[in-house]
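Asks: Can you keep this structure in mind? I'll have questions shortly.
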Amino acid sequence: MSDDRPQRRPRATALDETDHRIIEVLARDGRAQSTTIGEELGLSGNLVANRIRAMDAGGLMRVVAVADYRIHGYRMVARIRLQVTGRAPIEVAREMAQREDVLSVHITSGRYPVSCLYAFHNAREMLEAVRNASADIAGVEDVDVELVNNVYRYVPAVGPLGT
Amino acid sequence: MPMETPEYPTTDQLDRDIALMLAQDARLSFRKIAADLGVTEGTVRGRVKRLQGAGLLKLVPIIDIDRARDAGTGGQGSGQHMMFVTVRCASGKLNHVREALLAIPQVSALYDANATPRLVAVCILPSLDDAAIVMNQILSLDGIREAESELVLQSVKYNAAIGPIATLEDLTRQSTD
Chain A
6 MSDDRPQRRP RATALDETDH RIIEVLARDG RAQSTTIGEE LGLSGNLVAN RIRAMDAGGL
66 MRVVAVADYR IHGYRMVARI RLQVTGRAPI EVAREMAQRE DVLSVHITSG RYPVSCLYAF
126 HNAREMLEAV RNASADIAGV EDVDVELVNN VYRYVPAVGP LGT
Chain B
69 MPMETPEYPT TDQLDRDIAL MLAQDARLSF RKIAADLGVT EGTVRGRVKR LQGAGLLKLV
129 PIIDIDRARD AGTGGQGSGQ HMMFVTVRCA SGKLNHVREA LLAIPQVSAL YDANATPRLV
189 AVCILPSLDD AAIVMNQILS LDGIREAESE LVLQSVKYNA AIGPIATLED LTRQSTD
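Each protein sequence line maps, in turn, to chains A and B. Read in my numbering, the first sequence has 111 at position 106, and its numbers run on one by one without any break. Read in my numbering, the second sequence has 105 at position 37, and its numbers run on one by one without any break.
Given below as structure tokens:
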């Protein structure tokens, strides 16, 4: 390696080695102080603080709090997948995205091209949502319901922050 | 590992308000949160600690999947593709298959679903080659009847703040404390 020191920057457009090392520390403790991170990595606290702000400003990385659905009063979460015919899946996806309790909507390469993560306060809400999806949304041919039971791993390292 | 899902610790409106304030910026000062919500800084600290201990709140750095891809930062940590793999297991093989899936580092989330022995793995992959590698690994596992892969082509909506994040391990640890 050359003697290039990690530089300050106003707004990051790509993650470099220094950024990745900072992110590794944040993965262990999302609220670690800049000075503490700096001590561990041999960087100044100011530089670490600057890098974290720059990654945020550039939309590359953000430290967020992810809450379990139970905190927000939901009792169940299901992945609802929709099979679509005679209509572009993106149109169905946009309709689903407007529902407040739909947490995420992806278009996938699978047999069910619209995949939604949907949260419910009770079983009746879920049954109604499934019935509505097939009855009220044009182009929905079939609905598959995957009720989340036990979670064995959850490492939210990457996500579409921009949408 | 017990098959019964343990009880969840109860949460209230203050827990929800704190979670919402931290959702946008998990590094927000506890002093600011306390002032906004009209409680003491110690209360906020205590609530966050309790929720984190129960696995109900996780303060984590998230790398943007699209920008990381555009910037061409391959390699460590910067995943670029998301893939769901739904696995139907042969009877009596659920535990075996689950442990095998947890051994695959690209599997970033894993849960079981429905009454049928179905496991769903969410994979984060630096390239499409990795999708092939992971599928080859999964389909070679003993005890699998069927594995269906779905590559995410586009994200129309994504709420990073809420999800099924408390693992069985988190909840079990909580109930034995």
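We treat Cβ as the ideally placed atom computed from N, Cα and C, and that holds for glycine. A quick note: this is a predicted structure, and the numbers were derived from the prediction, not measured.
Of the residues that make up the segment 206-234 of chain B, which ones have a beta carbon closer than 9 angstroms to any beta carbon in chain A?
Replies: So the close ones are GLU216, SER217, GLU218, LEU219, VAL220, LEU221, GLN222, SER223, VAL224, LYS225, TYR226, ASN227, ALA228, ALA229, ILE230, GLY231, PRO232, ILE233 and ALA234.
Asks: Starting from the Cα of VAL175 of chain B, find the closest Cα among B:VAL202, B:HIS164 and B:LYS126 and give me that residue.
Replies: Of B:VAL202, B:HIS164 and B:LYS126, the residue nearest in Cα terms is B:VAL202.
Asks: Do the segment 60-80 of chain A and the segment 120-133 of chain A touch if we need at least three Cβ pairs shorter than 8 angstroms?
Replies: Because the criterion of three Cβ pairs below 8 angstroms is met, the segment 60-80 of chain A and the segment 120-133 of chain A touch.
Asks: If you measure beta-carbon to beta-carbon, which residues of the segment 171-204 of chain B are closer than 8 angstroms to chain A?
Replies: Those residues of the segment 171-204 of chain B that come within reach of chain A (Cβ to Cβ, closer than 8 angstroms) are VAL175, SER176, ALA177, LEU178, TYR179, ASP180, ALA181, ASN182, ARG186, VAL188 and ILE192.
Asks: Quick check on the DSSP output: the beta strand (DSSP E) that includes ALA228 of chain B runs from which residue to which?
Replies: ALA228 of chain B -> no beta strand (DSSP E), and no H or E assigned at all.
Asks: In angstroms with no decimal places, state the Cα-to-Cα distance between PHE98 of chain B and ILE86 of chain B.
Replies: Spanning the two alpha carbons is a distance of roughly 9 angstroms.
Asks: Comparing the C-beta of VAL135 of chain A with each C-beta of chain B, is any distance below 7 angstroms?
Replies: False, the Cβ-Cβ gap to chain B never drops below 7 angstroms.
Asks: Give a yes or no on whether the C-beta atoms belonging to ARG135 of chain B and LEU65 of chain A are separated by under 7 angstroms.
Replies: Result yes, Cβ atoms of ARG135 of chain B and LEU65 of chain A sit closer than 7 angstroms.
Asks: What does DSSP give as the partner residues of SER120 of chain A in its beta bridges?
Replies: Bridge partners of SER120 of chain A: A:ARG86 and A:HIS111.
Asks: Please tell me whether GLN81 of chain B has its Cβ less than 7 angstroms away from any Cβ of chain A.
Replies: Not closer than 7 angstroms to any Cβ of chain A, the Cβ of GLN81 of chain B fails to qualify, so no.
Asks: For TYR159 of chain A, which three-state DSSP category applies?
Replies: Of the three classes helix, strand and coil, the one that applies to TYR159 of chain A here is strand, per DSSP.
Asks: For the segment 51-76 of chain A, which residues have a CB atom closer than 7 angstroms to at least one CB atom of chain B, in sequence order?
Replies: If the cut-off is 7 angstroms between Cβ atoms, the segment 51-76 of chain A has GLY64, LEU65, MET66, ARG67, VAL68, VAL69, ALA70, VAL71, ALA72, ASP73, TYR74, ARG75 and ILE76 near chain B.
Asks: Using the C-alpha atoms, what's the distance from ARG186 of chain B back to GLY143 of chain B?
Replies: Residue placement at GLY143 of chain B is poorly supported in this model, since its pLDDT is 43, which falls under 50; the coordinates are not used for a value here.
Asks: Residues of the segment 24-52 of chain A in Cβ contact with chain B at a cutoff of 7 angstroms, in chain order, please.
Replies: Answer set for the segment 24-52 of chain A: HIS25, ILE28, LEU31, ALA32, GLY35 and ARG36.
Asks: Counting only the same chain and skipping the five closest in sequence on each side, list residues whose C-beta sits under 8 angstroms from that of GLU237 of chain B.
Replies: So the list reads GLY123, once near-sequence residues are dropped.
Asks: Taking the beta carbon of THR90 of chain A as the centre, do at least 16 other beta carbons fall within 10 Å, making it buried, or is it exposed?
Replies: It is exposed - the Cβ of THR90 of chain A has fewer than 16 other Cβ atoms within 10 Å.
Asks: Determine, using beta carbons only, whether VAL156 of chain A comes closer than 7 angstroms to chain B.
Replies: Yes, its Cβ sits closer than 7 angstroms to a Cβ of chain B.
Asks: Of all the residues that make up the segment 119-133 of chain B, which are near chain A by a beta-carbon distance shorter than 8 angstroms?
Replies: Listed in sequence order: LEU119, GLY123, LEU124, LEU125, LYS126, LEU127, VAL128, PRO129, ILE130, ILE131, ASP132 and ILE133.
Asks: Strictly under 7 angstroms for the Cβ-Cβ distance: is ALA143 of chain A near chain B by that measure?
Replies: No, because no Cβ of chain B sits closer than 7 angstroms to the Cβ of ALA143 of chain A.
Asks: Would you tell me roughly how many angstroms separate the C-alpha atoms of GLN81 of chain B and ASN55 of chain A, rounded to the nearest one?
Replies: Spanning the two alpha carbons is a distance of roughly 34 angstroms.
Asks: Considering only residues of the segment 32-110 of chain A, which uninterrupted alpha helix (DSSP H) runs meet the minimum length of 4 residues and lie entirely inside it, listed in chain order?
Replies: Entirely contained in the segment 32-110 of chain A, the alpha helix (DSSP H) runs reaching 4 residues are, in chain order, 39-46, 50-62 and 94-102.
Asks: Shortest alpha-carbon distance to VAL135 of chain A belongs to which of A:PRO161, A:VAL107 and A:TYR157?
Replies: Ranking A:PRO161, A:VAL107 and A:TYR157 by Cα distance to VAL135 of chain A puts A:VAL107 first.
Asks: Which word fits GLU100 of chain A, buried or exposed, when buried means at least 16 other C-beta atoms lie within 10 angstroms of its C-beta?
Replies: Label assigned to GLU100 of chain A: buried.
Asks: Taking the continuous alpha helix (DSSP H) assigned at ALA199 of chain B, which residues delimit it?
Replies: Counting along the chain, the alpha helix (DSSP H) containing ALA199 of chain B begins and ends at 196-207.
Asks: With 16 as the cutoff for other CB atoms within 10 Å, does GLU22 of chain A come out buried or exposed?
Replies: Per the 10 Å Cβ criterion, exposed.
Asks: Out of B:GLU214, B:MET89, B:ILE212 and B:ALA228, state which residue places its alpha-carbon closest to the alpha-carbon of VAL116 of chain B.
Replies: Nearest option by C-alpha distance: B:MET89.
Asks: Which two residues bound the contiguous beta strand (DSSP E) that contains VAL112 of chain B?
Replies: Note, VAL112 of chain B: premise wrong, no beta strand (DSSP E); alpha helix (DSSP H) at 109-121.
Asks: Ends of the alpha helix (DSSP H) at ALA234 of chain B?
Replies: Element bounds for ALA234 of chain B: n/a, residue is neither H nor E.
Asks: Could you name the residues of the same chain whose beta carbon sits closer than 8 angstroms to that of ARG118 of chain B, not counting the 5 residues immediately before and after it, in chain order?
Replies: PRO77, listed in sequence order.
Asks: Measure the C-alpha to C-alpha separation of GLY114 of chain B and ILE101 of chain B and round it to an integer number of angstroms.
Replies: C-alpha separation (whole angstroms): 13 angstroms.
Asks: Beta-carbon within less than 6 angstroms of GLY144 of chain A's beta-carbon, same chain only, minus the 5 sequence neighbours each way: which residues are those?
Replies: Only VAL89, GLY91, ARG92 and VAL97 meet the Cβ criterion.
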